[in-house]
Amino acid sequence: VQLQASGGGLVQAGGSLRLSCQASGKIRSLNVMGWYRQAPGNDRQLVARVSAFGSTVYADSVKERFTIDRANTTVTLQMDMLRPEDTAIYYCGADGVDHKGSRFINWGQGTEVTVSS
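Residue numbering for the sequence shown is 229 to 345, as defined by my numbering.
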């Protein structure tokens, strides 16, 4: 199972970016898909996640600014009103069950988001 992330880039404070992540491979089911970020010197932290049933969880710092959405095997993160403190490497992650019935927890490659002040 692979996760391919796209989006990211450089934007000025107050701007918007959209991240997308596509899961592929022999997937039986996907449970939670989400976005996490890691700034230099910090641990990887949850940004937002969405369950297979559509329930969402957001980090307090991004509520009312970021929106996570999911359609089949794709998860997107719309990021509005970006702030310099949102600068980080963003990773998509997913857990589910593969065609062999084994649970997996996989990560996509990171995509860099830089917000200039």
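By construction, the Cβ of each residue, glycine as well, lies at the ideal position given by its N, Cα and C atoms.
Because the structure is a prediction, the values reported are computed rather than measured.
- Inter-residue distance for L247 and V260 is about 17 Å (C-alpha atoms, whole angstroms).
- As computed with DSSP, L310 is found in no beta bridge at all.
- Residue burial annotation: D314 is buried, with at least 16 other C-beta atoms found within 10 angstroms of its C-beta.
- Looking at the DSSP output, D326 shares a beta bridge with I255.
- Restricting attention to P268, V303 and V290, the CA atom closest to the CA of W335 is found in V303.
- DSSP, reduced to helix, strand and coil, places D297 within a strand of the structure shown.
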